[in-house]
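Below is one structure, written out as structure tokens; comments come after it.
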Amino acid sequence: MPLLLLALVEVLLRAFGYGHDYRLFVDDPERKGYWIVNQHASERYFTETDNATVGNFEPFLKKKPDGTFRIFVLGESTTIGYPYFHNGSFHRWLQYRLMHTFPNRNFEVINLSMTAVNSYTVFGFGKQLVDYEPDAVLIYTGHNEYYGAMGVGSTSSLGSQPGLVRLVLKLREFRLVQWLNRTWSRIRQTASGQKVDLREGMMKRMAADQQIPLGSEKYQNGIEQFRTNLTDLCQALSGQHIPVFISTLVSNEKDLKPFISAPGTASAEQQFQLAKQAYQKGNIREARQKFVQAKELDLLRFRAPEALNQVIRELGNRFSNVTVVDSRAVFETHSPNGILGNETLLEHVHPNLYGYALLSDAFYEALKKKKRLVADGPNEMSFDQLRQQMPITPVDSLKGAYEVMILKESWPFNEPMPPEENRPKTVEEKLAGGLVVKQIAWRDAMRELLAHYLKTQNQRGALQVSEALVLEYPYDPAYYGQTGKLYFSANQPERAVWYLKKAFQLEETFATAQSLFITLLKLDRPDEALPYLRYAAAHNETAFSLNELQAFVEQLVTTKKQYLTDTTNVALSNQLAAGYLKFANATGAAKYVAKSLRIDPRNAAALQLQAQLQTLKTAPH
Numbered sequence: 001m002p003l004l005l006l007a008l009v010e011v012l013l014r015a016f017g018y019g020h021d022y023r024l025f026v027d028d029p030e031r032k033g034y035w036i037v038n039q040h041a042s043e044r045y046f047t048e049t050d051n052a053t054v055g056n057f058e059p060f061l062k063k064k065p066d067g068t069f070r071i072f073v074l075g076e077s078t079t080i081g082y083p084y085f086h087n088g089s090f091h092r093w094l095q096y097r098l099m100h101t102f103p104n105r106n107f108e109v110i111n112l113s114m115t116a117v118n119s120y121t122v123f124g125f126g127k128q129l130v131d132y133e134p135d136a137v138l139i140y141t142g143h144n145e146y147y148g149a150m151g152v153g154s155t156s157s158l159g160s161q162p163g164l165v166r167l168v169l170k171l172r173e174f175r176l177v178q179w180l181n182r183t184w185s186r187i188r189q190t191a192s193g194q195k196v197d198l199r200e201g202m203m204k205r206m207a208a209d210q211q212i213p214l215g216s217e218k219y220q221n222g223i224e225q226f227r228t229n230l231t232d233l234c235q236a237l238s239g240q241h242i243p244v245f246i247s248t249l250v251s252n253e254k255d256l257k258p259f260i261s262a263p264g265t266a267s268a269e270q271q272f273q274l275a276k277q278a279y280q281k282g283n284i285r286e287a288r289q290k291f292v293q294a295k296e297l298d299l300l301r302f303r304a305p306e307a308l309n310q311v312i313r314e315l316g317n318r319f320s321n322v323t324v325v326d327s328r329a330v331f332e333t334h335s336p337n338g339i340l341g342n343e344t345l346l347e348h349v350h351p352n353l354y355g356y357a358l359l360s361d362a363f364y365e366a367l368k369k370k371k372r373l374v375a376d377g378p379n380e381m382s383f384d385q386l387r388q389q390m391p392i393t394p395v396d397s398l399k400g401a402y403e404v405m406i407l408k409e410s411w412p413f414n415e416p417m418p419p420e421e422n423r424p425k426t427v428e429e430k431l432a433g434g435l436v437v438k439q440i441a442w443r444d445a446m447r448e449l450l451a452h453y454l455k456t457q458n459q460r461g462a463l464q465v466s467e468a469l470v471l472e473y474p475y476d477p478a479y480y481g482q483t484g485k486l487y488f489s490a491n492q493p494e495r496a497v498w499y500l501k502k503a504f505q506l507e508e509t510f511a512t513a514q515s516l517f518i519t520l521l522k523l524d525r526p527d528e529a530l531p532y533l534r535y536a537a538a539h540n541e542t543a544f545s546l547n548e549l550q551a552f553v554e555q556l557v558t559t560k561k562q563y564l565t566d567t568t569n570v571a572l573s574n575q576l577a578a579g580y581l582k583f584a585n586a587t588g589a590a591k592y593v594a595k596s597l598r599i600d601p602r603n604a605a606a607l608q609l610q611a612q613l614q615t616l617k618t619a620p621h
């Protein structure tokens, strides 16, 4: 009878819509046939659900298309790209590089990371991925192990026994348990007179035990919690032959003094001062050791201890499907004297944009080394090209800087905000400020920035914003089409074609087909242009017939095939030039006129075509 009564209560709570479904993925309300992350998925991990965080909402197809390479990303605030988010995240740097290194291959990079979580959430989310056909799972986690949701030192702690914690997390799927949890939370808040103050920083809200000494029982509990969760996750994924790439952790050691130091001669603060002295004297090896020791002795554990990197390396040795991505070594290589500091990190653990680029490069090279990716040398986007071309707008960069200033103003940094400059703000600064205080949504900010750049004829800036929108909304054909047209205007037809083809794949329209066949004909690729021309002719939205052009292009394809078997045939070269001239394609015509005259400089037909071409070029448009 008690069990039946509990079951009845559970049914009634569900019938009246109480509580939430905690599945990882739900139907995308905006796109039929797509999954998207459940906005309530993280709530089970937070004792105070007001603290629960959400991450990206990156849709992916329920039915994985043939040839698609699907990557899931797991982790916490660093992994989601704090403080830039959006295209500042390392997974977006990776996505951009993949889409341009492998232009004919489809990639899905779905980031499931959230702020203020740790290995419990990574394990809980990760074990569900076996049903969603991942080709690789990328993991960067560890800095929140003590104070993230369910951490042994956090306000959401349920103790130090992973088995018991997981049982409670499983029970929270029941609406009755959700009701009991919220009821108990209200009673506790009423009794203590303290409610969750959302105005306080998340670091302060989540840290319960602010002093966890190195080697203490609670310190060891955190290490074992991390080891248990990640070992079980790697075992679950390896059992399904899913490749796992897990990164070592990086944190600021040179330019961040310990948060809380114990008194005494072997304190974190003393080690930090000794490290600085050794560094100034050029004793780099000693400095490196003491900077690391200062971090290890810091009682406030917002930076992962080196013991977690050791656990990560052990996982790589234990499981054949697990690859250790040594991001720490990569960051050391790109840091002065191999010591991590402000050159790659913003504050304690979050990389700057250069650092996020390095993190993406570490995972990219690991995927290549394990043959999950086989890049074609000439087409591969290098790391330097990636840094130069990655569409991080000034608004994104400024927003990140403002977020860090706000973070450092609060506990545990307690650094005063720098004085505001007395000058008019730029458009970028205004938009970034609006984003920080949530007065404007990111998409709206990008649209305003794009309009500003188009108005001021800032072609490079407009392209940067348009590509940023493509990365954020990879299933919106309008942004691909917009970017393709901007690249065409910038006289970069190859890039224009790539974006326009993507737009047409997502949504077949006359306008995109028209842009494609015009651009491809200018590039002298009539065989590629023909399918789009046929579509445009069949769905013509203009008053002009495309039938004559279609007939010409069909003939052009045949003529070009003949020409390619005999490139010294001046008659065929002239025929191709004349055809292009008929439809005012000066670019295509000039190519074949030049070839004819190289073979026979006195060829009368070629000279006549050259004159017509000059007339076309000088005629008013």
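Take 1 as the starting number for the sequence shown in UniProt numbering and just add one per residue.
Ideal Cβ placement from N, Cα and C applies to all residues, glycine included.
Keep in mind it's a predicted model, so treat the numbers as computed, not measured.
| Asked | Found |
| --- | --- |
| Taking the C-alpha atoms as reference points, what is the distance between residue 17 and residue 219? | 41 Å |
| If we call anything under 8 Å between Cβ atoms a contact, is residue 415 one with residue 409? | yes |
| Following the continuous alpha helix (DSSP H) through residue 238, name the residue where it begins and the one where it ends. | 217-239 |
| Skipping 5 residues on each side, what residues in its chain have a beta carbon closer than 7 Å to that of residue 296? | 214, 305, 306 |
| First and last residue of the beta strand (DSSP E) that includes residue 111? | 107-111 |
| Rounded to the nearest angstrom, how far is the Cβ of residue 158 from that of residue 165, given a contact under 8 Å? | 5 Å |
| Spell out a yes or no on whether the segment 444-451 and the segment 417-425 are touching, meaning 3 or more CB-CB pairs, one atom from each, closer than 8 Å. | no |
| Quick one: using the 10 Å Cβ neighbour count with 16 as the cut-off for buried, is residue 553 buried or exposed? | buried |
| What residue range does the beta strand (DSSP E) around residue 444 cover? | First-last for residue 444: 442-455, but that is the alpha helix (DSSP H), not the beta strand (DSSP E). |
| Which residues in the same chain have their Cβ closer than 8 Å to the Cβ of residue 247, if we skip the five residues on either side of it in sequence? | 138, 139, 140, 312, 324, 325, 326, 327, 359, 362, 363 |
| Check this for me: beta carbons of residue 527 and residue 557, under 8 Å apart or not? | yes |
| Where are the alpha helix (DSSP H) runs, 4 residues long or more, that stay fully inside the segment 297-368, in chain order? | 306-318, 327-333 |
| Measuring CB to CB, does residue 117 end up less than 8 Å from residue 42? | yes |
| Identify whether residue 93 lies in helix, strand or coil by the three-state DSSP scheme. | helix |
| Based on Cα-Cα distance, which residue from 50, 36, 310 lies nearest to residue 59? | 36 |
| For residue 70, which three-state DSSP category applies? | strand |
| Pull up the distance between the alpha-carbon of residue 563 and that of residue 577, whole angstroms please. | 12 Å |
| Cα-Cα, which of 81, 2, 74, 5 is closest to residue 356? | 81 |
| Taking the beta strand (DSSP E) that residue 26 belongs to, which residues open and close that run? | 25-27 |
| Would you check if the distance between the CB atom of residue 55 and the CB atom of residue 112 is smaller than 8 Å? | yes |
| Thinking C-beta only, is residue 30 closer than 8 Å to residue 70? | no |
| What number of angstroms, rounded off, separates the C-alpha of residue 53 from the C-alpha of residue 370? | 34 Å |
| Measure from the alpha carbon of residue 319 to the alpha carbon of each residue in 594, 245, 424, then state which is nearest. | 245 |
| When DSSP labels each residue in this structure, what does residue 427 get in the three-state scheme? | helix |
| Measure from the alpha carbon of residue 74 to the alpha carbon of each residue in 84, 125, 106, then state which is nearest. | 125 |
| Measure the C-alpha to C-alpha separation of residue 128 and residue 222 and round it to an integer number of angstroms. | 24 Å |
| Roughly how many angstroms separate the alpha carbons of residue 83 and residue 387, rounded to a whole number? | 18 Å |
| Would you tell me roughly how many angstroms separate the C-alpha atoms of residue 605 and residue 86, rounded to the nearest one? | 57 Å |
| Helix, strand or coil: how does DSSP classify residue 510 here? | helix |
| At the level of alpha carbons, what is the spacing between residue 151 and residue 396? | 31 Å |
| Report the three-state DSSP secondary structure of residue 159 (helix, strand or coil). | coil |
| For residue 80, name the three-state secondary structure that DSSP assigns. | helix |
| Would you give the residue range spanned by the beta strand (DSSP E) that residue 140 belongs to? | 136-140 |
| Measuring straight from C-alpha to C-alpha, what distance separates residue 614 and residue 589? | 11 Å |
| Between residue 178 and residue 19, which are expected to be in contact by the criterion C-beta below 8 Å, what is the C-beta distance as a whole number of angstroms? | 4 Å |
| Buried or exposed for residue 470, going by 16 or more other Cβ atoms inside 10 Å? | buried |
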